[in-house]
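Below: one structure, written as structure tokens.
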Amino acid sequence: MAEHEAIPPRLRAIVDEFKASDRNEKLELMLEYADRLPPLPEHLRAHAGMEQVHECASPVFLHTEQHGDGLVFYFDVPAEAPTTRGYAALLAEGLHGATPREVLALPGDFFLEMGLQQVLSPQRLNGISAILAYMKRQALRFVPAPAP
Numbered sequence: 003m004a005e006h007e008a009i010p011p012r013l014r015a016i017v018d019e020f021k022a023s024d025r026n027e028k029l030e031l032m033l034e035y036a037d038r039l040p041p042l043p044e045h046l047r048a049h050a051g052m053e054q055v056h057e058c059a060s061p062v063f064l065h066t067e068q069h070g071d072g073l074v075f076y077f078d079v080p081a082e083a084p085t086t087r088g089y090a091a092l093l094a095e096g097l098h099g100a101t102p103r104e105v106l107a108l109p110g111d112f113f114l115e116m117g118l119q120q121v122l123s124p125q126r127l128n129g130i131s132a133i134l135a136y137m138k139r140q141a142l143r144f145v146p147a148p149a150p
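Heads up: the sequence shown at position 18 corresponds to 20 in the working numbering, and the numbers run straight through without jumps.
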């Protein structure tokens, strides 16, 4: 599977939107996504069952649930970290309903295609890489066991 094909369609549309944007537009898009991050459902508000992404400079919490065949990712990222919050929001939106295998197949550096290295510091890039790594680790728990 080519790297382009490894990005699920919903996320592909987001990647393409960023790819077509200049540096300032990329930052504006990140802020728009930050504003769109939905609030946590009641059962996650105390971070019960959520995993903290310790590699991020900002406190980032993640929880994954399976709904049908697809996954739903929930994030809690403070508004004071808008680029990290925006990245979490675009991942949650772009991978909403993706199967565990689709999440696992996503290239760890797909964000480079979006041009995020033009607008984020190396430290932030390490943090967003860690967010995806945590998502993949959580997705792995939902991969069906092979039939005996």
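Glycine included, C-beta positions come from ideal geometry on N, C-alpha and C. As the structure is a prediction and not an experimental result, all values here were calculated from the model.
Nearest residue (CA-CA) to Val121, options Glu19, Arg25 and Arg139 | Arg25
Around the C-beta of Pro84, are 16 or more other C-beta atoms found within 10 angstroms, so that it is buried, or is it exposed?
-> buried
Endpoints, the beta strand (DSSP E) within which Leu39 is located | Looking at the DSSP string, Leu39 is not in any beta strand (DSSP E), and its letter there is neither H nor E.
Just to confirm, are Leu39 and Ala100 a CB contact at a threshold of 8 Å?
-> No, the Cβ-Cβ distance between Leu39 and Ala100 is not below 8 Å.
How many whole angstroms separate the CB atoms of Glu104 and Pro10, which I take to be in contact at a CB cut-off of 8 Å?
-> 5 Å between Cβ atoms; contact.
Since Phe144 sits in a beta bridge, which residues does DSSP pair it with?
-> Answer is none; Phe144 lacks a bridge partner.
Is the stretch 54-61 close to the stretch 129-142, with three or more CB pairs under 8 Å?
-> Contact annotation: the stretch 54-61 touches the stretch 129-142, with at least three C-beta pairs closer than 8 Å.
Same chain, Cβ closer than 6 Å to Glu44, five either side skipped, listed in chain order = none
If I'm right that Leu64 touches Met137 with Cβ under 8 Å, what's the distance once you round it to whole angstroms?
-> 7 Å
Note down the Cα distance separating Gly110 from Lys21, rounded to an integer number of angstroms.
-> 17 Å
Please name the residue, chosen from Leu106, Tyr76 and Val17, that lies closest to His49 on a Cα-to-Cα basis.
-> His49 has its Cα closest to that of Tyr76, out of Leu106, Tyr76 and Val17.
Entirely enclosed alpha helix (DSSP H) segments - the stretch 74-116, minimum 4 residues | 84-96, 102-107 and 113-116
When Leu73, Arg14, Leu118 and Leu108 are compared against Leu33, the one with the closest alpha-carbon | Leu118
Among Leu46, Ala81, Leu13 and Ser23, which one has its Cα closest to the Cα of Asp1?
-> Any property of residue 1 remains undetermined from this structure, which presents the chain solely from 3 to 150.
If you draw a straight line from the alpha carbon of Gln140 to that of Tyr35, how long is it in whole angstroms?
-> 22 Å
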